[in-house]
DNA sequence: GCTTCTACCGTTTTT
DNA sequence: CGGTAGAAGC
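In the numbering used here, the protein residues as written are 27 to 807.
What follows is the structure, encoded as structure tokens:
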């Protein structure tokens, strides 16, 4: 146990840690030891006699919460287990479960993720006969989210003339109806979406004084990390909870607010003083992370923003190298240059792969980077993108789990009522849907009482439906008698999913099966107590009083609680220890640091992004984003841009980003030839010409293979079995070339199998991990 | 009801 | 380019 933890802090850090009572705002510049202060502050509270049960710490990601919890545990020991530390969503989901009855929700309500919400909206549009081109599900959802974040209920909305008028003018008069239907359907399904978690928490704290009182007393000390990224709904929750004791400590940096698009309100931090007039402010301005060059260059750029709190980030660190700029003709070349630069830094300075990060504005930019890294045999990992829990096979399985817990969950029901195929088609489901909405009840209720509705469904299918209902019900019963793994495995087996995936011997089928196995392994570890629930919070809000009459069985519904709130990063421990280059969006990089950082795609309309160009506030957010990007670096920043870029399969020309010009020249190392300011620099036609005349390597597929080449769609439905271990061998020292072939991309890979020479053709290579969708493999003897 | 094919469409960031 | 909705065929 560390005794002198306070000695490890500088003066302003220590002051911020020791001022435990009353409202406190800590403005923490990039790299100023923010996490350390937060950690020690909590430790200090606990050491000072505060019951950890009374501390609530809200973080931005589950990962951040977990990391901080570990650090605190090292200082204060096992007492840290009782801390309430997690994201807004996960903490308040737990609270809502404890208090669900007050809002007439079941305590085992389902959490809808974005996909669920979208498909619900799609279903509503279809039923209402509304054109989904005019009302695009994603924009409808975005608007719903926006409204809920402002704490406007669907009832208030549809009563408000101004909104109605606005929607009419916007050409979307039905929006109010869709919104109401959406809310009602969620409620009926016993489901909350992400925004509901916060919205309903607000309702709970607003309309139930005794509940508010209870939690105000419970959470005597509240800490909020990344306060600059809280939205209105979150702001209100914090305000209500902290109203009694006012022991609220917010930590943030207005210069790093990058989530306004999601409703984050930078005013929350800018106006903190107005909300709590007697607050104390602490500024952490010394940067311990980066070189002087990086800190100064970053300061210079962010200074262009008008709206910000006053602070001066400075550093004692060495001057360091200039920021290097790479320029390339195309995005692919940009990737090559970046890979080469990484390679040379690795060689010259004995740097490890994990010391590098490549950051970009949009996920789509990862591809050229991946390709170049792979060609240079530099291992990498992409963060973000599709999370484990968003994969089809996992979602299918989870849908059954969700149904077991809450059969009213219509999104899950729709997902699996005919998966694996059991002869229940669209028409049948449509009829049931109609019956449900005619009687204003849920689909599940119709299914349960099928005989009471004279539906035009033949007896055979009726029986199938009845079987389905019986099956789901039997799962529900087993929730209390079996542990998570036993039930999970039972479900996988009886539904036929296990067999379905096992029988699928395509490459993608195989990886699906592996994913399912991984899910089941997770359940197993959880069931035998080797692993906590995916989101690890203290058991329940009631723990102090209610003694455990509950059995010690670790059940599936305990495991399932907040699974929708998990992201890729939360899956297992993994990665951290791997020696690989990290690739991620700038958003994802917040809170991380790397010795060498590459910020790529610095082109006008890309970074800053084109959608942010017309609005000053948006542009300032882009600038903050850029600020975040370069301040991740400890030793060296390398910026890169391409003068033309493939987008949507087309080569388009682009100009260098304005951010490049905003960096003080003395900190920037321009590429030698030609100068950036040349007017000839972006001779787009020339680039095109070069592209076209470049002699592309021709691949002539073996005639025997050529006739076997199949389209994506064909491949999708073709189960061709082969030994996947061959693929793994093949990846060593292979030579990958691309060629367009009909629709999609055909990639020829040549490599040496243990015994045979092989040529492999893949249609539509999933570049992600070289794990291939739609693969065909042939071995030449 | 299931499979296959074709035509079109979107393209920011995420708890 | 890659994904998907809906039409056409089985």
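C-beta: ideal position from N, C-alpha, C; glycine also. As the structure is a computational prediction, the values presented were derived from the model and not from experiment.
- For residue 446, count neighbouring Cβ atoms within 10 angstroms of its own Cβ and tell me buried if that reaches 16, exposed if not. exposed
- Query: Grouping DSSP H, G and I as helix and E and B as strand, with all else coil, what is residue 671?
  - Reply: strand
- DSSP puts residue 635 in a beta bridge; with which residues? 631, 632
- By Cβ distance below 7 angstroms, which residues in the same chain neighbour residue 390 in space, the five residues on each side in sequence not counted? none
- Message: Checking 8 angstroms against the spacing of the C-beta atoms, do residue 648 and residue 542 come in under that value?
- Response: No, the Cβ-Cβ distance between residue 648 and residue 542 is not below 8 angstroms.
- Message: Measuring straight from C-alpha to C-alpha, what distance separates residue 599 and residue 347?
- Response: Because residue 599 carries a pLDDT of 46, less than 50, the predicted location of this residue cannot be relied on, and the following value inherits that uncertainty. Approximately 34 angstroms between the Cα atoms of the pair.
- From this set, 506, 59, 685, 578, which residue's C-alpha is nearest residue 324's C-alpha? Here the closest residue by C-alpha is 685.
- Task: Check whether the stretch 239-250 touches the stretch 264-271, taking contact to mean three or more Cβ pairs, one atom from each stretch, closer than 8 angstroms.
- Result: yes
- Message: Beta-carbon within less than 7 angstroms of residue 705's beta-carbon, same chain only, minus the 5 sequence neighbours each way: which residues are those?
- Response: Annotation note: pLDDT 41 at residue 705 (below 50); position unreliable, coordinate value reported separately. Excluding sequence neighbours, residue 705 sits near nothing in its chain.
- Item | Separation of residue 606 from residue 407, as counted between CA atoms | 6 angstroms
- Along the chain, where does the beta strand (DSSP E) that runs through residue 625 open and close? 620-625
- Query: To the nearest angstrom, how far is it from the Cα of residue 189 to the Cα of residue 205?
  - Reply: 12 angstroms
- Query: What runs of the alpha helix (DSSP H), each 4 residues or longer, lie entirely inside the stretch 304-380?
  - Reply: 318-328, 357-375
- Which residue comes first and which comes last in the beta strand (DSSP E) that contains residue 112? 110-113
- Give the C-beta separation of residue 72 and residue 102 to the nearest angstrom, bearing in mind that I take them to be a contact with Cβ-Cβ under 8 angstroms. Their Cβ separation, rounded to whole angstroms, is 5 angstroms, which keeps residue 72 and residue 102 in contact under 8 angstroms.
- Just the C-alpha distance for residue 30 and residue 40, rounded to the nearest angstrom, thanks. 12 angstroms
- Item | Inter-residue Cα distance where the pair is residue 287 and residue 475 | 45 angstroms
- Task: Determine the direct distance from the alpha carbon of residue 688 to that of residue 38, and round the result to whole angstroms.
- Result: 31 angstroms
- Query: Is residue 489 buried or exposed, if buried means 16 or more other CB atoms sit within 10 Å of its CB?
  - Reply: Exposed, because fewer than 16 other Cβ atoms sit within 10 Å of the Cβ of residue 489.
- Would you call residue 289 buried or exposed, if buried means 16 or more other Cβ atoms sit within 10 Å of its Cβ? buried
- residue 677 - DSSP class collapsed to helix/strand/coil: strand
- For the 8 angstroms Cβ check, are there 3 or more pairs between the stretch 649-663 and the stretch 392-409? no
- Message: What residue range does the alpha helix (DSSP H) around residue 275 cover?
- Response: First-last for residue 275: 274-278, but that is the beta strand (DSSP E), not the alpha helix (DSSP H).
- Query: Roughly how many angstroms separate the alpha carbons of residue 35 and residue 557, rounded to a whole number?
  - Reply: 34 angstroms
- Message: So, under 8 angstroms CB-CB, residue 631 and residue 680 are touching, yes? Tell me the CB distance rounded to an integer number of Å.
- Response: 7 angstroms
- Among residues of its own chain, excluding the 5 on either side of residue 331, which ones have a beta-carbon nearer than 8 angstroms to its beta-carbon? 281, 646, 649, 650
- Query: When the distance is taken between beta carbons, is residue 128 closer than 8 angstroms to residue 230?
  - Reply: yes
- Find out if the Cβ-Cβ distance for the pair residue 211, residue 452 is shorter than 8 angstroms. no
- Item | Per DSSP, the bridge partner or partners of residue 263 | The partner list for residue 263 (beta bridge, DSSP) is empty, contrary to what the question assumes.
- Query: Counting pairs of beta carbons, one from the stretch 668-676 and one from the stretch 61-76, are three or more of them closer than 8 angstroms?
  - Reply: no
- Rounded separation between residue 359 and residue 156 - CA only: 46 angstroms
- Message: Is the beta carbon of residue 321 closer than 8 angstroms to that of residue 339?
- Response: yes
- Task: Within the same chain, show all residues whose beta-carbon is closer than 7 angstroms to that of residue 496, passing over the 5 residues directly before and after it, in chain order.
- Result: none
- Message: Looking at residue 123: is its Cβ nearer than 8 angstroms to the Cβ of residue 133?
- Response: Yes, the pair counts as a contact, with Cβ atoms nearer than the cut-off.
- Message: Bridge partners for residue 423 per DSSP, in chain order?
- Response: According to DSSP, which records beta bridges pairwise, residue 423 is partnered with nothing at all.
- Could you please give the first and the last residue of the uninterrupted alpha helix (DSSP H) stretch that includes residue 653? Residues 642-656.
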